[in-house]
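K.L.:
Residue numbers (this note's numbering), protein chains in the order written: chain A, 1 to 383; chain B, 384 to 597. Glycine is no exception: its CB is placed at the ideal position from the N, C-alpha and C atoms. Just so you know, these numbers come straight off a predicted model, no measurement behind them. Shown below is the structure under consideration.
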C-alpha cells in the first residue's frame, strides 16, 4: 500500500534528515512515526506527498513510484492533516470539508452532500456546523473538521502530521479515540507522525521509533513495551509513560486537578443539580478563599433535602480527614480509600487549598502501569 | 462670500459640473491602469522573490517624489503639458499603496493554510484564486482605497500642467483673488474625496469574506 525503499533525504548543507529508511505499511494499518524532534519523522511523511523530494530511494504509493504521479494528482489521492489544522478561514465548514472535491471540480450539490455524510459519520450535527466558519469553532472542533476534510475524497492513504499535538490533553484523548473508531469503520491506511508516546501507544497498530533519520525499532505497541530494542527505546518509552513503581508515584501525578467544586454557601438543590450534570456522586466543598472544607456526598445531600433541613452545602461537608498531600505517595491515597471506604480522596496543599482529587480509576491506571513494568501475569490461569 | 459662491454655482453650474467630470476621469483612468499593472505584477513578485525589491522600490520612489516635482518632471522628460503627462504622473504615483498592500495581503496568508491547500493538491492557480486572493482581497482593496484618495488630491494639482479638472478652477480663483471661485473648485474636490473614501470603505467590507468579518 505504502512502501519506503532505502529513502534518504540530505540537504545541501550536509545534514541528513532521513537515512536509508525502509518501511512497508499494509492496507488498513495505522502506523505511528515517533521520535525526538529533528529525528526526520515529519520529513518522512512529507516525502510521501512530495512536499519534500527524497534525495535517493523510492516511495511506492499503491505499488507505483510516487514520482510517476504528477504532484497534484498524487496529493489528491492522499489525505493530509496537519497540526495547525489549516482550515480556510474564508470558507464555511461545509466548503472546507469538501475543499479537495472543489479542487477536483466536483459540483457544489455533491460536495454539500458529501460534507453532510461525513458529519454524520462522526456524529456531528450537520445543521449545526456546516454553515459556520472555522473561527467560530474551538480548536478541537476545527481539527475534527480537519480530519473529515482528509476523508472527503475517500483516499486510501491518509498522512497526519502531529494532528492532535496542539490540543489540550482531554480533547486530544477524545480525538484519538474518535480517530481509532473512525479507522475501524473506514479502514484507511494512516501514517501518523507524533512525538507523544502515549498517543502512539493508544492509537497505533505499529509504532516506528526514529532517531537521527533512522528507524530504531518498528513494532506493535505491546511488543515495544515488553521488549524495547535498546536503551534509547526504553528511555523513550519510560520518559513518556512515567512507568514507575506505584510507591514512587506521587499523588500529584495521578490526581484530577479540576474536580467538581462548590462554595460552602451554595444551596443543596444546586449541589444536587451540579452532581447530576457532571455525573459525579460527590462534590468538593471549598470556602471563598479556595480552602478545602470537606466533601459533600450525594447521599448526604439527598437525605438533607428529603428531610427539608435548612442547610447549605457547607453543613453537609464531611470527610475532611481523608485528605492527602500532593507530594504523598499515591499509595497513601489508596490506603485512605480502603480505610474510610470512599471512592475518591481529596488532595489538599499546605495552605489548605484544594489541589485535586484522586479517584479509584486514576489509581487503577497507576497499578496497571506498574504491573506492565514488572511483567506480572494474570492470576486467572492458576485456578 | 457664501452668496458669491451661490451666485457662481448658479451662473457657472454647468462649467463646474464639466470640470468635476473631467477631474473624475483624470483620476479614474490612471487608477484603473495602476490597479491592472500593480496587482498582477505584485502577484508575480510574490512568486519570484528576487523581483519584489525592484517592484516595491520603484513604486516607492515614484511616491516619494514631491507631487509638484513629479508633474514638472513629466514635462522635462518630453511628455509636454495637458492630460497625458498628468495621467502618467498619477499612474506612477498611485502604484505604491497597491503594490505594498497586495504583497502584504498575499504574503500574510497563514502558512498552514497554504501548506494544507498545497498538500491537498491545489494547483498554483487554485492556490491563488481559491485561497490567496480571497484572503488578501480586503487588504488589496484597502491599498486601492488609500491610493485613490491620495490620487484625488494629487489630481487637483494636475491643472498646473494644463490637465484641467477642478484644479484649474482653484488656480483661476487664486489668480483672481476670488474666494468664491476657489471654493467652487475646492468643495466638489473635497466631496469627491469623501465619497471615494466612503464607497471604497463599503466595497472593502462587502468584499471581505463572511468568515473573516469581525
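(1) Along the chain, which unbroken stretches of the alpha helix (DSSP H) at least 4 residues long are found entirely within the segment 214-301 of chain A?
(2) Around the Cβ of residue 33(A), are there at least 16 other Cβ atoms within 10 angstroms (buried) or fewer (exposed)?
(3) Report the three-state DSSP secondary structure of residue 82(A) (helix, strand or coil).
(4) How should residue 441(B) be labelled, buried or exposed, when 16 other C-beta atoms within 10 angstroms of its C-beta is the threshold for buried?
(5) So, are the CB atoms of residue 552(B) and residue 456(B) less than 8 Å apart?
(6) Please report whether the beta-carbon of residue 522(B) lies at a distance below 8 Å from any beta-carbon of chain A.
(7) For residue 240(A), which residues from the same chain have a beta carbon less than 8 Å from its beta carbon, with the 5 sequence-adjacent residues on both sides left out?
(8) By the three-class DSSP mapping on this structure, what secondary structure does residue 130(A) have?
(9) Whether or not the segment 203-215 of chain A and the segment 38-46 of chain A are in contact is what I'm after, with contact meaning three or more pairs of Cβ atoms, one per stretch, closer than 8 Å; do they touch?
(10) I want to verify the contact list: residues of chain A whose CB lies under 9 Å from the CB of residue 518(B), in sequence order.
(11) The segment 58-85 of chain A: which residues have C-beta closer than 9 Å to a C-beta of chain B, in chain order?
(12) Identify, in the order they occur along the chain, each residue of the same chain with its Cβ nearer than 6 Å to the Cβ of residue 386(B), setting aside the five sequence neighbours on each side.
(13) Starting from residue 464(B), follow the beta strand (DSSP E) in both directions and report where the run begins and ends.
(14) What number of angstroms, rounded off, separates the C-alpha of residue 381(A) from the C-alpha of residue 231(A)?
(15) Looking at the secondary structure, which residues open and close the beta strand (DSSP E) in which residue 18(A) lies?
(16) Using a Cβ-Cβ cut-off of less than 8 Å, give me the residues of the segment 126-138 of chain A that come near chain B, in sequence order.
(17) Measuring only between beta-carbons, confirm whether residue 488(B) sits less than 8 Å from chain A.
(18) Is it a yes or a no for the segment 19-32 of chain A touching the segment 179-191 of chain A, going by three-plus beta-carbon pairs under 8 Å?
(19) Can you tell me the Cα-Cα spacing of residue 122(A) and residue 148(A), whole angstroms?
(20) For residue 232(A), go through chain B and note every residue whose CB falls closer than 7 Å to its CB, in chain order.
(21) 8 Å is my cut-off, CB to CB: does residue 51(A) come that close to chain B?
(22) Rounded to whole angstroms, how far is the Cβ of residue 562(B) from the Cβ of residue 384(B), which I believe are closer than 8 Å?
(23) Are the C-beta of residue 208(A) and some C-beta of chain B separated by less than 8 Å?
(24) Mind checking who residue 43(A) pairs with in its DSSP beta bridge?
(25) Check the Cβ of residue 501(B) against every Cβ in chain A and list those closer than 8 Å, keeping chain order.
(26) On the three-state DSSP scale, how would you describe residue 206(A)?
(27) Less than 8 Å between the CB atoms is what I'm expecting for residue 115(A) and residue 94(A), so what's the real figure, rounded?
P.N.:
Taking the coordinates as given:
(1) 221-226, 231-241, 251-254 and 268-278
(2) With 16 or more neighbouring CB atoms inside 10 Å of its own CB, residue 33(A) falls in the buried class.
(3) strand
(4) exposed
(5) no
(6) no
(7) With a pLDDT of 47 at residue 240(A), under the threshold of 50, the predicted position of this residue should be treated as unreliable, though the coordinate-derived value follows. Excluding sequence neighbours, residue 240(A) sits near 196, 197 and 198.
(8) In the structure shown, residue 130(A) sits in coil (DSSP, three-state: anything other than H, G, I, E or B).
(9) yes
(10) 88, 89 and 90
(11) Listed in sequence order: 71, 72, 73, 74, 75, 76, 77, 78, 79, 80, 81, 82, 83, 84 and 85.
(12) Cβ within range, chain order: n/a, list empty.
(13) Careful: residue 464(B) lies outside any beta strand (DSSP E) and carries neither H nor E.
(14) Only weak support is given to the placement of residue 381(A): the predicted model assigns it a pLDDT of 42, under 50, and the question is left unresolved by the model.
(15) 16-25
(16) 133, 134 and 135
(17) no
(18) With a cut-off of 8 Å, the segment 179-191 of chain A and the segment 19-32 of chain A count as touching, because enough Cβ pairs lie within range.
(19) 9 Å
(20) Neighbours of residue 232(A) on chain B: none; closest Cβ ~31 Å, over 7 Å.
(21) Interface residue, yes.
(22) 6 Å
(23) For residue 208(A), not one C-beta of chain B is nearer than 8 Å to its own C-beta.
(24) None; residue 43(A) has no bridge partner.
(25) 51 and 75
(26) strand
(27) 4 Å
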